[in-house]
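If you're matching them up, the sequences are chains F and W in order. Per the UniProt record's numbering, the first sequence starts with residue 1, numbered consecutively. Per the UniProt record's numbering, the second sequence starts with residue 1, numbered consecutively. From the three backbone atoms N, C-alpha and C, an ideal C-beta is built for every residue, glycine too. Please read the structure below before turning to the comments.
There are 2 protein chains.
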Amino acid sequence: MSQPPWQPITPAKPVRQAKEPLTRDRIVDAAMRVLTQSGYEAVSMRKVASELGTGPASLYAHVANKRELDQLLVERTAEQMVFDDPIDPARWQAQLKATMREMLRAMRANPGVARAAIGAVPVGERALRTTERILTLLKAGNVPDQAAAWAVDLIPLYVTAVAFEETVQSASDWTPEDVERFVSNLRTYFEALPADRFPLTVALAAPLTSGADGDARFEFGITVITAGLATLAPTP
Amino acid sequence: MSQPPWQPITPAKPVRQAKEPLTRDRIVDAAMRVLTQSGYEAVSMRKVASELGTGPASLYAHVANKRELDQLLVERTAEQMVFDDPIDPARWQAQLKATMREMLRAMRANPGVARAAIGAVPVGERALRTTERILTLLKAGNVPDQAAAWAVDLIPLYVTAVAFEETVQSASDWTPEDVERFVSNLRTYFEALPADRFPLTVALAAPLTSGADGDARFEFGITVITAGLATLAPTP
DNA sequence: ACCTGAACACCGTTCAAGT
DNA sequence: ACCTGAACACCGTTCAAGT
């Protein structure tokens, strides 16, 4: 099906130029593709460049270095977090937990990004929305200012660490069966320890090795942190 | 000063052989030296090998791969933690905090090891002592078994994440003045944000950027976690 | 059994030269 | 101004060959 003759031969708005110009956004897009498909380890300047059909040197006109590219991936992930639940002071603890769940969800959706996030100071536009939301919830719970400010550091630190731990496990080429076998071996190992020196490790071998399912462990963590923060509110 | 003639010419026990044989321990020693002197980034198979006057291939007879070497560095650090304070059930919360401080101390003493530790499952001999101590303290505080078991994961995760954050900051070639300037700029940035969208971030700009001193922030974290765990003990 | 040189398949970053 | 090829100084790991 060819173009009717009254159409201009050179299209006014080409859908795709022969060679799209490199931009920051296109670089981050490509990096994000590599990240979700092959994990953080695979995100190299060279791989991202070849994903864009060019050489690694070309990226340096738009991105200062690898660290800045990492930061941009973290920022992208923060943009995907949705906090639209209107704040209800009576439910601030439940809402704080839901906020942390949403943070973990977004990091899980971009496997490997936690590795880049764990050492990054969040200053981007959307990371600020997370900060603002946490502060609002803690103020609703009467948590003192300095405590709320520190919690803004503690909460993402915890969520990111959990996400990172998960990706370390899955990044190694272990099948779910391998993980299961490993956990099972670990329980046997704990149970066989000298009971005089490690009485509780032996006695609690089962619960110690039951947390591999992930979600229950994360729920425990956000419960502890939320309850701990709640104790900081002055009781009038 | 030459040897007196009645001394045997070939010494019975040479203080140092011309070429000491490679061992796991010597490799970890060398890696530890590189780690504390130049940080985690510098710990490569090649650098460790050249520290020992050999090539990288030689290490593979004693160490499976880089990941195993990382694990051994973490194990070394765990060995340096001292928990000899006899357990006093009445002071379990204070003692739990002291335990976390000791964990952080040991990681700080080996700058960069946190990076290796953050994705490592602690199974070594000495890491078990940490596990056993945390369990003992939580049992003293009547924390339920499953909660205590999960706390064994949560506590090292938090301490390691804090240590890692610190090394990321110091690993970049920033002087203390650079850090101070960065924090100061960040405060100014927060204060200049649109107050209608980020009211609390603007209002709390000062406390948000005051935590860079480190210790106070860590104290906050261990207080929140300890208080949170205490709420899990059934009140009889 | 342990050690080694050389090679393989990768990195991040720089820089002079092109358009 | 943006892009590129080529180079520099690195990685982890393997493997055949030596002792």
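Give me the chain F residues within the contact set of residue i, using Cβ-Cβ distance strictly less than 7 Å, ordered along the chain.
i              : result
R131 (chain W) : Looking at the sequence itself, residue 131 (chain W) is Thr, so the reference to Arg does not match. Neighbours of T131 (chain W) on chain F, chain order: T201.
V152 (chain W) : L208
V179 (chain W) : Within chain F, no residue comes near V179 (chain W); the closest Cβ sits about 11 Å away, beyond 7 Å.
G228 (chain W) : V224, I225, A227, G228
R217 (chain W) : W150, D153
D145 (chain W) : L204, P207
Work out the CA separation of residue j and residue i for me, nearest whole Å.
i              : j              : result
L67 (chain W)  : S44 (chain W)  : Correcting the residue type first, residue 67 (chain W) is Arg in the shown sequence and not Leu. Going from the Cα of R67 (chain W) to the Cα of S44 (chain W) covers about 11 Å.
R197 (chain F) : K47 (chain F)  : 50 Å
T77 (chain W)  : P207 (chain F) : 26 Å
L35 (chain F)  : A106 (chain F) : 14 Å
L204 (chain F) : A151 (chain W) : 12 Å
P86 (chain F)  : F220 (chain F) : 25 Å
V162 (chain F) : A109 (chain F) : 14 Å
A192 (chain F) : E102 (chain W) : 28 Å
L104 (chain W) : G53 (chain F)  : 46 Å
P21 (chain W)  : A31 (chain W)  : 16 Å
F218 (chain F) : A120 (chain W) : 18 Å
A18 (chain W)  : E51 (chain W)  : Note that A18 (chain W) has pLDDT 44, beneath the 50 cutoff, so the model's placement of it is unreliable and no number is given.
T130 (chain F) : Y158 (chain F) : 14 Å
Can you name, in chain order, every residue of its own chain whose Cβ lies under 7 Å from the Cβ of residue i, other than the five neighbours on each side?
i                     : result
residue 237 (chain F) : Residue numbering for chain F in the displayed model covers 1 to 236; residue 237 (chain F) lies beyond these limits and cannot be assessed.
W6 (chain F)          : For W6 (chain F), the predicted structure reports a pLDDT of 39, less than 50, and the residue's modelled location is therefore unreliable. The matter cannot be settled from this model.
residue 279 (chain F) : The first residue shown for chain F is 1 and the last is 236, placing residue 279 (chain F) beyond what the model contains.
A49 (chain W)         : G55, P56, S58, L59
L135 (chain F)        : A148, V152
Answer with buried or exposed for residue i, where buried requires no fewer than 16 other C-beta atoms within 10 angstroms of its C-beta.
i              : result
R33 (chain F)  : exposed
G55 (chain W)  : exposed
T23 (chain F)  : exposed
Y60 (chain F)  : exposed
N65 (chain F)  : exposed
G112 (chain F) : buried
A127 (chain F) : buried
V28 (chain W)  : buried
G228 (chain F) : buried
V82 (chain W)  : exposed
P156 (chain W) : buried
T235 (chain F) : exposed
A90 (chain W)  : exposed
A216 (chain W) : exposed
E177 (chain F) : exposed
E180 (chain W) : exposed
Keeping to the same chain, check which residues put their C-beta closer than 6 Å to that of residue i; ignore five residues upstream and five downstream.
i              : result
W92 (chain F)  : L137, A140, G141
D70 (chain W)  : A116
T160 (chain W) : A114, A117, I118
T226 (chain F) : Q93, L96, K97
T209 (chain F) : V183, L186, R187
A147 (chain F) : L232
E75 (chain F)  : G124
Would you identify the three-state DSSP class for residue i, choosing helix, strand or coil?
i              : result
D70 (chain W)  : helix
V152 (chain F) : helix
F182 (chain W) : helix
V43 (chain F)  : coil
T209 (chain W) : coil
L204 (chain F) : coil
E20 (chain W)  : coil
V34 (chain F)  : helix
V159 (chain F) : helix
P194 (chain W) : coil
P5 (chain F)   : Low per-residue confidence applies at P5 (chain F): pLDDT is 43, beneath 50, and the placement is therefore not dependable, though the value from the model is reported in the following sentence. Of the three classes helix, strand and coil, the one that applies to P5 (chain F) here is coil, per DSSP.
L52 (chain F)  : coil
G228 (chain W) : helix
G221 (chain F) : helix
F83 (chain F)  : coil
D88 (chain W)  : coil
P176 (chain F) : helix
V63 (chain F)  : coil
T235 (chain F) : coil
R28 (chain F)  : For the record, residue 28 (chain F) in the displayed sequence is Val; it is not Arg. Note: V28 (chain F) maps to helix in three-state DSSP.
Counting only Cβ pairs nearer than 8 Å, list the residues of chain F close to residue i.
i              : result
K139 (chain W) : L200
A42 (chain W)  : Per Cβ cutoff of 8 Å: no residues; A42 (chain W) is ~16 Å from chain F at best.
In chain W, which residues lie less than 9 Å from residue i when you measure between Cβ atoms?
i              : result
V82 (chain F)  : Ordered by position in chain W, no residue passes the 9 Å Cβ test against V82 (chain F), which lies about 16 Å from the chain.
G112 (chain F) : Within chain W, no residue comes near G112 (chain F); the closest Cβ sits about 12 Å away, beyond 9 Å.
Which residues in the same chain have their Cβ closer than 8 Å to the Cβ of residue i, if we skip the five residues on either side of it in sequence?
i              : result
L154 (chain F) : I225
V63 (chain F)  : R24, I27, L69, L72
At 7 Å on the CB atoms, spell out the chain W contacts of residue i, in chain order.
i              : result
G221 (chain F) : L154
Y158 (chain F) : Y158
Under 8 Å between beta-carbons, which chain W residues line up against residue i? List them in chain order, please.
i              : result
L128 (chain F) : L193, F198, T201
Report the neighbours of residue i on chain F: residues whose CB is nearer than 9 Å to its CB, in chain order.
i              : result
T136 (chain W) : P199, L200
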